[in-house]
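**Q** Residues 47 to 341 (my numbering) make up the sequence shown, in order.
Note that CB positions come from ideal geometry on N, CA and C, so glycine has one too.
Because the structure is a prediction, the values reported are computed rather than measured.
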Amino acid sequence: MRALTELTSFKDAKDFSDFLSANGIENRIELVPPERWVVWVIEEDDLAQARTLLEKFKANPHAQEIQSTIKLYRDGQALTTKLSHQRSRIKSITRHYPVPVHVRVTIGLIIVSVVVSILTGFGQHDPFGILSWFSFSNDPKEAPEIFSGQIWRLITPIFLHFSPLHLIFNMIWVYDLGRGLETTLGKLRFIALVSIIAIFSNILEYTLGHYLFGGMSGVIYGLAAFIYVSQKMDPFFRLYLSPIAVAILGAWLIFCWTPLISGVANYAHIGGLGAGALLAVLRYYYNSWRRQSCE
């Protein structure tokens, strides 16, 4: 390791250090009191190239070529740090939630959905009359069943699926999103979260969309929104929704509104999305208030 130069400004020393790093030269900065900064080159073989770069830097440290090189290097370092942080969070979640026994509610949602979908023939053949009892209402406008006390109908449409592909697609997302949330929030809070999202999404779909509908999609969008908003607002939140997941869910949300596909409970998607986001915001402010009150 050899001392290359001394600079009187930390900014210049940091800029030059990053300029060297951008050119593949390992180095470090050392403060020599009171206000001198020594730039050291780690490898002797890099010394000649480092001296050439030093002359170039001293000639005009603000040259566009030099500043552009420094900026690209720093942007790359920032991106690397961010990706490393995201990978560590994902690995931490995977290690923390590996055993299905901890996610019985999530598994229960999947089992009920599969059983109900099969017994109703995916909406095509319903010998047991389950469809009429699990649907939101058999009336297109008034929902008299709910007002007469059949309040389970506010939630049960989430268990109805009308094709094997519809069921498989939704259950993959339920397991992926639900297991982390159930372990993080606890079973009772997770049940409450799913129930509130289901009620919001089902009411909106019945009011603005179809009266005969079903599926877990509204809940899925609600859970995804809850995770996404929480990870943005709450530094203590342990779960993470990847950009790929956001892109897939966003693209599907938009695609379902196009004429290329029909029979989709789009308002349930929107209702679930809004409910999940709102609940995340409320949870954040409630937890912030609790932390402040304990200080």
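Quick check for students: name the residue ranges of the beta strand (DSSP E) that lie wholly in the stretch 204-230, counting only runs of 3 or more.
**A** If we require 3 residues or more, the stretch 204-230 turns out to have no beta strand (DSSP E) run fully inside it.
**Q** Along the chain, which unbroken stretches of the alpha helix (DSSP H) at least 4 residues long are found entirely within the stretch 258-297?
**A** If we require 4 residues or more, the alpha helix (DSSP H) runs fully inside the stretch 258-297 come out as 263-279.
**Q** In chain order, what residues of the same chain lie with their CB nearer than 7 Å to the CB of residue 316, ignoring the 5 residues before and after it?
**A** Excluding residues within five positions, the ones whose Cβ falls inside 7 Å are 250.
**Q** Would you report the Cα separation of residue 284 and residue 335, rounded to the nearest angstrom?
**A** So the two alpha carbons sit approximately 19 Å from each other.
**Q** Under 8 Å: do the stretch 70-86 and the stretch 111-124 share three or more Cβ pairs, one atom per stretch?
**A** Because the criterion of three Cβ pairs below 8 Å is not met, the stretch 70-86 and the stretch 111-124 do not touch.
**Q** I need the straight-line Cα distance from residue 319 to residue 312, nearest angstrom please.
**A** If I take the Cα positions, the gap works out to 11 Å.
**Q** Count the other CB atoms, across all protein chains shown, that sit within 10 Å of the CB of residue 161; report buried if there are 16 or more and exposed otherwise.
**A** So residue 161 ends up on the exposed side.
**Q** Would you give the residue range spanned by the beta strand (DSSP E) that residue 50 belongs to?
**A** Residues 48-53.
**Q** Rounded to the nearest angstrom, what separates residue 80 and residue 270 at their Cα positions?
**A** Their backbone Cα atoms lie some 53 Å apart in a straight line.
**Q** Does the separation of the CB atoms of residue 82 and residue 54 fall below 8 Å?
**A** The answer is yes: Cβ separation under 8 Å.
**Q** Terminal residues of the continuous alpha helix (DSSP H) containing residue 248?
**A** From DSSP, the alpha helix (DSSP H) with residue 248 extends over 233-254.
**Q** With a cut-off of 8 Å, do at least 3 Cβ pairs link the stretch 228-248 to the stretch 286-295?
**A** These segments do not touch.
**Q** Please name the residue or residues paired with residue 82 in a DSSP beta bridge.
**A** 78, per the DSSP bridge assignment.
**Q** Short of 7 Å in beta carbon distance, which residues of its chain neighbour residue 245, apart from the five on each side in sequence? Order them along the chain.
**A** Taken in chain order, the residues that qualify are 200 and 201.
**Q** Determine the direct distance from the alpha carbon of residue 325 to that of residue 225, and round the result to whole angstroms.
**A** Those two C-alpha atoms are separated by around 18 Å.
**Q** Residue range of the alpha helix (DSSP H) that residue 66 falls in?
**A** 56-68 is the extent of the alpha helix (DSSP H) around residue 66.
**Q** Going along the chain, which residues of its own chain have a beta-carbon closer than 8 Å to the beta-carbon of residue 213, five neighbours each way excluded?
**A** Answer for residue 213: 159, 160, 163, 168 and 207, listed in chain order.
**Q** On the premise that residue 264 lies in contact with residue 243, defined as a C-beta separation below 8 Å, what is that separation, rounded to the nearest angstrom?
**A** Residue 243 to residue 264, Cβ: 7 Å. Contact.
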